[in-house]
Amino acid sequence: MMPGSYITEEDRRAATTVTTSGSGHKFEIQLGHLCNNRCVFCSSGQLTAMKIARAVPLEPIVEALEAARAAGAWHLTFLGGEPTTHKRFLDALGKAVELGFQHIVIFTNGVMFPHPGFIDSVLALGRFEWRVSIQGATDEAHVATTGRPESFRRILHGLGELQRHGQLVTANMCVNERSYRSLPEYPALLRRYGVRQLHVDIVRPESTGERDQEYLREIMPRYSDMAPYYDEMLARFDEWNPDFDVNVGNLPYCILPKWGSRIHHGGQETVTKSADAVGLEDAMNKYEWHGSLRTYLPGCDECVFRPRCTGIFRVYLQLHGEDEFRPISREALVALDPERRNFVVLVEPRLGPLRAALGADESPPGWRTEREISEDRRRRVEIVFAHRDGARAHFVLLAPGRGRAPVITCDAYDVDVEVDPGVPTDAFAELLSWFHGRLAAGSDGTPAPALAPHAIEQAVHGPMLLRSRQRVTLLAKRVEAHFALPGWRVEPLRWPTEASAVLPVRGSAEACVEVRFTIGARGKRSTVGVEFRAADPTGDGGVKAVMEALVE
252 MMPGSYITEE
262 DRRAATTVTT
272 SGSGHKFEIQ
282 LGHLCNNRCV
292 FCSSGQLTAM
302 KIARAVPLEP
312 IVEALEAARA
322 AGAWHLTFLG
332 GEPTTHKRFL
342 DALGKAVELG
352 FQHIVIFTNG
362 VMFPHPGFID
372 SVLALGRFEW
382 RVSIQGATDE
392 AHVATTGRPE
402 SFRRILHGLG
412 ELQRHGQLVT
422 ANMCVNERSY
432 RSLPEYPALL
442 RRYGVRQLHV
452 DIVRPESTGE
462 RDQEYLREIM
472 PRYSDMAPYY
482 DEMLARFDEW
492 NPDFDVNVGN
502 LPYCILPKWG
512 SRIHHGGQET
522 VTKSADAVGL
532 EDAMNKYEWH
542 GSLRTYLPGC
552 DECVFRPRCT
562 GIFRVYLQLH
572 GEDEFRPISR
582 EALVALDPER
592 RNFVVLVEPR
602 LGPLRAALGA
612 DESPPGWRTE
622 REISEDRRRR
632 VEIVFAHRDG
642 ARAHFVLLAP
652 GRGRAPVITC
662 DAYDVDVEVD
672 PGVPTDAFAE
682 LLSWFHGRLA
692 AGSDGTPAPA
702 LAPHAIEQAV
712 HGPMLLRSRQ
722 RVTLLAKRVE
732 AHFALPGWRV
742 EPLRWPTEAS
752 AVLPVRGSAE
762 ACVEVRFTIG
772 ARGKRSTVGV
782 EFRAADPTGD
792 GGVKAVMEAL
802 VE
């Protein structure tokens, strides 16, 4: 069978109905498929051009919002098509606010940004997250994808206005033949406008509308051809801000294994509500459907990423073959990833005995496991234990060398520990010994993890040192924001050691004032010491003026 994509009955139905998806406290509502853009990867523009998509009434929108809120949802996303062009969009948004949704996301291509009063009308209803569809980081790439000459300029106008109003802005992109070469330009663009997050997804062939093999081949480049551009984009984000939230959706991990921690697969369950229906009507689970369109190759079971990978689109394999895809062994990933960006994946074999003990509820007496959080982007696994008295102990495993003051170290991880003040010392000592023992059991011939000489004292004082560190960081930010003496500049705060920080203020001719902080703990209180060190080669009194301004 020749590869292609088709407008299904489900597509036609979604083009004329209110479609919703939800999981737990999150809820999405799609206001039909009407859209002003003609994005090459999306069925909405084609359905609009074919006059299949039409506006949906307000009533089913309100009914769906009420049902979601009654079910406990508090996080809401408005989707399209283009939701902001719906004639009753502001009414629907106002209803969502009235119902008490705490976090509301407006997913938009920015078509309404230049319209007089639109942004102000939305802001009058409340504070929202604006998720902007930026389909290329340059005018050329974005316009080539959307088919609308002014679309990129509209977005830049809107981003500037939203930044001026202090709004939370995130971004979304579906990478394709016409846009992937612009990927490295996203860090500079998003930094300029204060955008907080970026999700870059790949084309889903079956979501493109009525398309033939030639069309899909034209818009879907080989993943390996795009890989260098992904790599450059992610490297630039890492250079600018390693904690910036950028993630790549559904790209097979073996294409970009070094950045596996930035790749994510998966989705949520979906139901639909027809415009003329009385209640919610069950429909297909769209993410199970997406999963059914993908497959694995014979070698995939050997790949270290197999537990989190949902495979490769069958249509893609028909178009481009399978020679790009190779299983990644754990040893190969270690060699490819010296920075341990894939820490959560790489550390997993060393945690086997610990996980088995946690699963069997074998914690020491008086303790129970409260939660575990694995964070790929931050390269950490956090396990929280609750004591019967209510206090908690936080064990955080991080990539080697990334621990602040690790109480356990080895070649595979550092372990930071923070303990609430109310935890009895003997109870924590027993928990720490137990945790260390379970980790040691996972060494499997590698060097066993080492316990720091003063681990208990270090863990107990950790929260107090953290509070001291936060106080110093806040003080430095205030100095940076308010210090203003001609010829002098405040440089970034540095932490030469875990217990000391330096805030340099530099002038001309090597003149400098350093504000030096020392943090510590006394009893159950955090402490911060401050001293000044000055260099004044010219002796013109400028240093004295700086010190007086800093003291003020």
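Numbering (the working numbering), first residue to last: 252 to 803.
The beta-carbon is built from N, C-alpha and C at its ideal position, and this holds for glycine as well.
Because the structure is a prediction, the values reported are computed rather than measured.
- Taking the Cα of Cys425 as reference, the smallest distance to any Cα among Pro747, Val794 and Val291 is reached at Val291.
- Of Val802, Leu410, Asp662 and Thr421, the smallest CA-CA separation from Arg601 is found for Asp662.
- Short of 7 Å from the beta carbon of Val394, and not among the five residues preceding or following it, lie these beta carbons of its own chain, in chain order: Pro400, Ser402 and Phe403.
- DSSP places Val454 outside both helix and strand once states are collapsed to three, so it counts as coil.
- Judged by DSSP in its simplified three-state form, Met715 adopts helix.
- By the Cβ rule, the segment 337–357 counts as touching the segment 373–380, because three or more pairs are nearer than 8 Å.
- Here Leu502 is near Ile453, since their CB atoms are less than 7 Å apart.
- When Cβ pairs closer than 8 Å are counted between the two stretches, the segment 470–481 is seen not to touch the segment 438–446, the count staying below three.
- Looking at the DSSP output, Arg773 shares a beta bridge with Arg776.
- Distance between Ala583 and Val555, taken at the CA atoms: about 10 Å.
- Per DSSP, the beta-bridge partners of Glu669 are His645.
- The DSSP-derived three-state label of Gln418 is coil.
- In this chain, the alpha helix (DSSP H) harbouring Leu597 covers Phe594 to Val598.
- Separation of the CB atoms of Ser512 and Arg592 is rounded to 5 Å, and the pair is thereby assigned contact status at 8 Å.
- DSSP places Thr397 in the helix class (H, G or I) of the three-state scheme.
- Note that the segment 699–709 does not touch the segment 754–771; fewer than 3 beta-carbon pairs, one per stretch, sit closer than 8 Å.
- A straight-line Cα-Cα distance of about 16 Å links Leu801 and Ala752.
- Counting only residues of its own chain and dropping the five nearest sequence neighbours on each side, Lys509 has a CB closer than 6 Å to the CB of Leu587 and Asp588.
- Here the alpha carbon of Pro698 sits roughly 39 Å from the alpha carbon of Thr546.
- Pairing Val674 with Phe646 gives a Cβ-Cβ distance that is not under 7 Å.
- For Thr328, the enclosing beta strand (DSSP E) begins and ends at His326 to Leu330.
- Cβ neighbours of Leu341 within its own chain (closer than 8 Å, five residues either side excluded): Ser372, Val373 and Leu376.
- Exclusion of the five residues before and after Gly332 leaves Gln281, Leu282, Gly283, His284, Leu285, Cys286, Ser295, Thr299 and Ala304 as the residues of its chain whose Cβ lies within less than 8 Å of its Cβ.
- Rounded to the nearest angstrom, the gap between the Cα atoms of Gln414 and Leu407 is 10 Å.
- Of the other Cβ atoms in all chains shown, fewer than 16 fall within 10 Å of the Cβ of Gln721; this residue is therefore exposed.
- Around the beta carbon of Leu725, fewer than 16 other beta carbons sit within 10 angstroms, so the residue counts as exposed.
- Within the DSSP bridge table, the entry for Phe403 names no partner.
- For Phe488, the three-state secondary structure derived from DSSP is helix.
- Inclusion of Asn360 and Asn423 in the CB contact set at 7 Å is not warranted, their separation being larger than that value.
- The residue from Gly780, Tyr481 and Val596 with its alpha-carbon nearest to that of Arg631 is Val596.
- For Lys302, no alpha helix (DSSP H) run applies, since DSSP gives it neither H nor E.
- For Pro549, the three-state secondary structure derived from DSSP is helix.
- Each residue's CA atom was taken as its position, placing Val635 and Ala796 some 49 Å apart.
- In the structure shown, the three-state DSSP call for Ser384 is strand.
- Annotated three-state conformation of Val674 is coil, per DSSP.
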